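Have a look at the structure below, then the notes.
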Amino acid sequence: MSNLPPLRDVIAAHGLRASKALGQNFLLDEQLLDRIAAVPGPLAGERVFEVGPGPGGLTRALLRAGANVTAVERDARCLPALAELADAFPGQLRVIEGDALKVDPVEACGGPAHIVANLPYNVGTALLVDWLESDAWPPWWKSATLMFQAEVAERIVAKPDSDAYGRLAVLAQWRCEAKIAMRVHRSAFTPPPKVMSAIVHIVPASAPDGVDVRTLARITAAAFGQRRKMLRQSLKSVAGALDALTQAGIDESRRAETLSVADYVTIARLLGSA
Ligand code: SAM
């Protein structure tokens, strides 16, 4: 394990010049990588689903922590470097070449897993929404430790009455605990991206009874789709929503960003039972 070459040498040896199209910004600082791998808690013997391992910096840290890692990487150029890592940690790493958006994580991991990923932000957001919208709850994932550009991380953990509060915050928080675990300066990446990043840590909690995620998504889409309008206007298009507001004792003249996550859950429950 300690015989692993520095990541810079791995990148040079395998000609892994960062591809902009694949959103590649690599992390090379092993101490930082160990700190990120510690965010989910002790990983010895735990399954980890890693998306976008690239040259394997974060993967190394997860393997050092004793995790059994299933990693999905789209860039075939990275596979030889990852194969070397698999040899250095026998039986601990399985690499799947492919697009994480098309891989079935339940089948890939074979059981409940922690998700860890440093991904391009568009792919990361699409995957996160998919994981958060899981019908099965508790879901297949035990926690998610995800790097996002700081602005997206703020939107995930945002509280009411802020500009960052919106659909993503409600979706992330109605049956999960979400927090920013660490901020990561742009200079930590090679090459450095234009913006700052942050690691978000999300842990599934119990789901409130009688609430359907699609109903909740429909309400938040309508409410935040016209966030400057009063609810009596923005929720007009959702059948039964204005009655639900009345039943919940929520004033129709309020705006989307003033409602708590619990308020949205109440409206969705009332609509679901209507
Ligand atoms: N984890 C490495 C690190 O921290 O240094 C690499 C991070 S880099 C920001 C993102 C990685 O995700 C790249 O290796 C890229 O090829 C990979 N990637 C991009 N889109 C992907 C997708 N749809 N499915 C799987 N991997 C993807």
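The sequence shown maps to residues 210 to 483 in the numbering used here.
Every residue, glycine too, gets a C-beta built ideally from N, C-alpha and C.
In this text, all values refer to a predicted model and were calculated from it rather than measured experimentally.
Residue i: CB within 6 Å of a non-hydrogen atom of ligand 1
i    : result
F357 : no
D339 : no
N331 : no
K347 : Sequence inspection shows Pro at residue 347; the Lys mentioned does not correspond to that position. Answer for P347: no, Cβ out of range of ligand 1.
E282 : yes
A309 : yes
P262 : yes
F258 : no
L267 : yes
N212 : no
Q240 : no
Neighbourhood of residue i by C-beta distance below 6 Å, restricted to the same chain and skipping five residues each side
i    : result
A274 : A246 and L252
H410 : V248, T354, K388 and A390
Residue span of the alpha helix (DSSP H) that contains residue i, given as start and end
i    : result
R376 : R376 to Q382
E316 : P314 to C318
Residues near residue i in its chain [Cβ-Cβ closer than 8 Å; skip 5 each side]
i    : result
P321 : R256, W349, W350 and K351
A477 : V420, D421, T424, L425 and I428
Cβ neighbour criterion (16 or more within 10 Å) applied to residue i
i    : result
E259 : buried
P413 : buried
A465 : buried
E282 : buried
R392 : exposed
W340 : buried
R364 : buried
Spatial distance of residue i from residue j (CA atoms)
i    : j    : result
P408 : L241 : According to the sequence as given, residue 408 is Ile; it is not Pro. Each residue's Cα considered, the two are about 12 Å apart.
P264 : K438 : 47 Å
Q435 : G458 : 21 Å
V332 : G261 : 10 Å
Y330 : F357 : 6 Å
H394 : M405 : 5 Å
L328 : A335 : 11 Å
Unbroken beta strand (DSSP E) run spanning residue i, endpoints
i    : result
P413 : S406 to P413
F433 : That residue, F433, is in no beta strand (DSSP E); its alpha helix (DSSP H) goes V422 to G434.
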